[in-house]
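Below: the structure, in structure tokens.
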Amino acid sequence: MKKVILALILLFGFSVSSFLPNAEAESGIVNTGWWKQVNGKWYHYTSIGKSYGWIVSDNKWYYLDMTTGAMKTGWVKSPGSGKWYLLQNDGSMKTGWYFENGKWYFLDQKDGEMKVGWALDNGNWYYFDKNGAMKTGWVLDWNRWYYLQPSGAMKTGWQLDGGSWYYLTSDGSMQTGWLQLGKDYYYLNNSGKMLTGWIDYYGGRYYLYPSGVMAANTEIDGYTILPSGNALKTFHHDELMKITEKIASMAQFGYTVSYLEKADLILVKNPATNEVVASVQNGYIGSGDSKFSALLAEQLQVPLASHLIVSTWEQILSGQIDYYENNKIAMYPSNVDWVEIYWGIQWEQ
């Protein structure tokens, strides 16, 4: 039956231009026709006439012009599939790696198709542009970055590039944000660069050693680093009050400062309206007056959390409300250990 199929392909080659080269090659059929050179060009014949299109001869694939039947060499675009193939000087189809004009190409080991996009070879992934040329360095694919080594092989793990470290996950995509490797944490910014030193992240402050590893359970630059990595800046209570009062008394503000010992809360009020315009508690500055709070945050070197807003003085004293969070009333028990959650000021009484 396979011999009959082959004979039909040879006879009606013009109608099977989309025929995939690997279909008969894998079956091991050997064409029994013969080659003939005419005016410097090679043609293939069988007992039923001249051959056209893809044929198998001695278990090798050849492509014969669909009009003249002349054997083709060089790059050939299959009329049906639109895929590219490379025919060597003897006309046989090339498979595997091919180097031309300073660029590497990869032709599928089974069907000879020139690969574009991702291709796997000997356990390594490679990437080829739309013209089939192998890429090296950084490649963006489906909104993800990958790094291809000088050999073209996709990199995983740590990669040093341009003096910065990057981390490529097991699928080769570049990591951003927090990265945990064993017990160690690293932080990579939106560009994938591993950061070192102090960083602020969603209201928290963290210190990353020169190796990139996040500091924990230690003291650095006057900050207490918790086991979670959050950094707390230590102030004596009197120092904190002094700074707050100094800013509040500025002519542009004219505010007054009070301290609720039970709540460990410093409140800044506008005496004209009796409203709380700022607060300092558990390492946060609650903002009612953005200009005042921003200046206080700058002086204390702590985060300004505009979502933590203390309500009116009367509501706080009456115990009706602690503060608003995301525009919702939130009551928190007095035994909550905030320093384990947020970074900022740790008071020494």
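According to the working numbering, the stretch in the sequence shown is residues 70 to 418, in order.
Note that the Cβ used here is the ideal one computed from N, Cα and C, for glycine as well.
Fair warning: this is a prediction, and the values are worked out from it, not measured in the lab.
* First and last residue of the uninterrupted alpha helix (DSSP H) at residue 359 -> 359–369
* Straight-line Cα distance separating residue 202 from residue 265 -> Between the alpha carbons of residue 265 and residue 202 lies a distance of about 37 Å.
* Asked: When burial is assigned at 16 or more other CB atoms within 10 Å of the CB, is residue 123 buried or exposed?
  -> buried
* DSSP three-state assignment for residue 295, whether helix, strand or coil -> coil
* Asked: Hey, out of 193, 192, 198 and 171, whose CA is closest to residue 184's CA?
  -> 198
* Asked: Rounded to a whole number of angstroms, what is the C-alpha to C-alpha distance between residue 341 and residue 309?
  -> In a straight line, the C-alpha of residue 341 is about 24 Å away from that of residue 309.
* **Pick from 119, 369 and 126 that is closest to residue 291, judged by C-alpha positions** => 369
* Roughly how far, in whole angstroms, is the beta-carbon of residue 195 from the beta-carbon of residue 221, given that I think they are within contact range, below 8 Å? -> 5 Å
* Alpha carbon of residue 277 to alpha carbon of residue 245, nearest angstrom -> In this structure, the straight-line span from the alpha carbon of residue 277 to that of residue 245 is close to 15 Å.
* Considering residue 309, what are the terminal residues of the alpha helix (DSSP H) in which it resides? -> 306–317
* Might you give, ordered along the chain, the residues of its own chain that have their beta carbon closer than 6 Å to the beta carbon of residue 224, omitting 5 neighbours on each side? => 216, 218 and 237
* To do: Would you decide whether residue 107 is buried or exposed? Buried here means 16 or more other CB atoms lie within 10 Å of its CB.
  => Exposed: under 16 other Cβ atoms inside 10 Å.
* Are the beta-carbon atoms belonging to residue 492 and residue 144 less than 8 Å from one another? -> This structure gives no information on residue 492, because the portion of the chain shown stretches from 70 to 418.
* Asked: In the DSSP assignment, what residue or residues form a beta bridge with residue 197?
  -> 186 and 203
* Asked: For residue 213, which residues of its own chain have a beta-carbon under 6 Å away from its beta-carbon, when the five flanking residues on both sides are left out?
  -> 242
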